[in-house]
């Protein structure tokens with residue numbers, strides 16, 4: 416074994432074994448693996464920490480190479496910068512690199528993964544100590560929650576507390592923080608075993624006892640971190656059971672009325688299809704063919720850079736940018752990808768943790784007026800806001816410059832692998848070519864100290880969070896269809912009504928992830944509110960979804 420590892424960055428080339436798998440792996444403690452063909456695990460990538468090699472699998476390529484060791488920080492994989500990458504982003508980059516190497520091996524070429532690493536044992540030790548402190552803090556919080564147990568009903572010998580017809584099991588305690596995905600009014604809830612607390616969708620709750628199947632003990636967390644008094648809220652299981660019962664009733668009524676038939680489908684890169692809302696697909700096939708994501712993404716970028724090589728009229732550009740119904744993301748979500756029909760996720764609670772953003776936060780505006788305000792931010796404050804350069808597999812046109820108009824990708828197969836490997840915030844296909852907004856492009860704007868203005872759907876929020884780029888999401892809530900028509904004179908009554916309905920659907924689906932929602936009777940009023948929200952939240956602690964635990 417090497418005894419004197421250099422501290423400066425060094426290149427490590429790991430050649431895959433013949434016939435190795437390209438799938439990723441996970442270790443017993445939850446750290447992501449570099450793939451069975453590479454033979455090492457990684458940890459870190461949270462709260463600004465680097466990504467470190469946490470262990471080498473006995474007999475694996477990494478151990479046999481004698482060039483990698485525990486405590487190495489992962490700086491790059493196949494040239495992709497991972498210095499500020501989140502854990503999920505690093506794991507996805509490794510998985511993509513192994514897949515590319517495996518594909519090369521099958522075609523008779525040398526299959527290898529190029530790593531740039533640096534031995535950082537002190538930083539690795541500090542990261543481990545931070546993880547240990549976090550566990551100790553959680554244990555202290557759980558102990559503190561026990562002091563509030565007196566307000567709960569007294570449990571009998573079986574652990575059940577009888578209050579009328581309701582029961583609350585208190586046999587064990589579990590303290591977590593969650594984001595509510597629905598509104599709750601205890602005055603309208605029957606069978607509460609004790610005083611309930613009201614909350615709105617998007618509120619953060621500190622659940623101090625989540626051991627019961629039906630009811631949890633919790634308190635609401637304010638924006639400043641202050642916590643209100645304790646109360647009872649319905650458990651995740653209770654909420655989801657009730658909502659599924661409602662869905663079954665709706666589906667039964669629909670089937671009896673004879674409604675049904677072929678809804679739109681989506682076609683993914685691997686040829687599979689799914690229902691509306693599923694991740695992992697690029698194109699949608701339907702009876703009524705509509706413009707795809709890429710028309711909107713492609714033209715929207717040129718709108719910001721004042722290049723119009725696609726020969727679209729201004730009216731066509733506006734309508735395509737508004738058509739969010741056709742925005743189908745190619746990258747699967749960090750929480751598991753597409754949702755199959757019949758197993759639709761029920762909004763209840765989302766497990767979260769608080770973190771301090773280490774990168775300048777991207778901006779996502781959602782709603783029918785976002786194009787005007789995106790342009791206003793970029794043109795009025797170019798030193799603070801900028802759009803990013805998208806990627807495409809199409810050939811450059813006359814006057815276009817690589818890195819300015821687009822990042823032109825020579826290999827379609829590589830871009831498809833990067834899309835599948837979570838390297839893109841959003842992507843799709845247009846006229847046979849792939850287009851997408853990459854995590855790396857967003858990070859490049861953030862590294863310049865500016866907010867990256869993103870013209871994407873709400874589906875991109877999760878992918879940005881997984882990459883450690885926590886967006887400020889502002890919903891531009893229209894007051895009424897007439898409000899839209901007033902602020903956008905080119906929009907007729909019917910289109911205004913359709914945009915108002917679409918805005919309601921956006922809020923229903925993504926409302927729990929909004930940083931703020933603003934309304935106004937003038938564009939100037941909305942612009943002022945958007946600037947205030949950005950200034951208020953640019954450096955604040957944020958609550959982000961946890962993907963490494965089950966609620």
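Numbering (the numbering used here), first residue to last: 416 to 966.
Cβ atoms here follow ideal geometry from the backbone N, Cα and C, with glycine treated the same way.
If you're wondering where the values come from, they're calculated on a predicted model, not measured in any experiment.
For residue 911, the closest alpha carbon among the candidates 923, 926 and 895 is that of 895. The residue from 954, 933, 618 and 808 with its alpha-carbon nearest to that of residue 597 is 618. Per the DSSP secondary-structure output, residue 768 pairs in a beta bridge with 959.
Look at the beta carbons and you see the region 858–877 not touching the region 843–850: under three pairs across the two are nearer than 8 Å.
In the three-state reduction of the DSSP assignment, residue 789 falls in the helix class, which pools H, G and I. Between residue 841 and residue 791, the CB-CB gap reaches or exceeds 8 Å. Residue burial is scored here from C-beta neighbours: residue 880 has at least 16 other C-beta atoms within 10 angstroms and is therefore classed as buried. If you draw a straight line from the Cα of residue 488 to the Cα of residue 468, it comes to about 6 Å. DSSP lists 845 as the bridge partner or partners of residue 848. Assigned with DSSP and collapsed to three states, residue 511 falls in helix. Boundaries of the beta strand (DSSP E) around residue 489: 487–492.
Counting along the chain, the unbroken alpha helix (DSSP H) around residue 834 starts and ends at 827–835. Residue pairing for residue 867: DSSP places it in a beta bridge opposite 801.
Of the other Cβ atoms in all chains shown, fewer than 16 fall within 10 Å of the Cβ of residue 846; this residue is therefore exposed. Counting along the chain, no beta strand (DSSP E) covers residue 774, and no H or E run does either. At a Cβ-Cβ threshold of 8 Å, residue 938 and residue 504 do not count as neighbours. Scanning its chain for C-beta atoms nearer than 8 Å, with the 5 sequence neighbours on each side dropped, one finds around residue 768 the residues 592, 958, 959 and 961, in chain order. Using a Cβ distance threshold of 8 Å, residue 808 and residue 462 do not count as a contacting pair. A residue is called buried once 16 or more other Cβ atoms fall within 10 Å of its Cβ, and residue 517 is buried on that count. Out of 892, 946, 661 and 915, the CA that lies nearest to the CA of residue 933 is found in 892. For residue 467, the pairing in a beta bridge is given by DSSP as 458 and 488.
By the Cβ neighbour-count rule, residue 481 is exposed, with fewer than 16 other Cβ atoms within 10 Å of its own. A Cβ-Cβ contact shorter than 8 Å links residue 424 with residue 531.
Cβ neighbours of residue 789 within its own chain (closer than 7 Å, five residues either side excluded): 780, 868 and 870.
The residue among 889, 783 and 923 with its C-alpha nearest the C-alpha of residue 953 is 889. The beta carbon of residue 935 lies closer than 6 Å to those of 941 in the same chain, with the five residues before and after it left out.
By the beta-carbon neighbour count (other beta carbons within 10 angstroms, threshold 16), residue 470 is buried. According to the DSSP assignment, residue 428 belongs to no alpha helix (DSSP H) but to the beta strand (DSSP E) extending over 425–430. Below 8 Å, enough C-beta pairs join the region 831–839 and the region 510–529 to call them touching: three or more. DSSP places residue 624 in the strand class (E or B) of the three-state scheme. Boundaries cannot be given for residue 784, as no beta strand (DSSP E) includes it and DSSP labels it neither H nor E. Each of 506, 838 and 552 was checked against the Cα of residue 590, and the nearest Cα belongs to 552.
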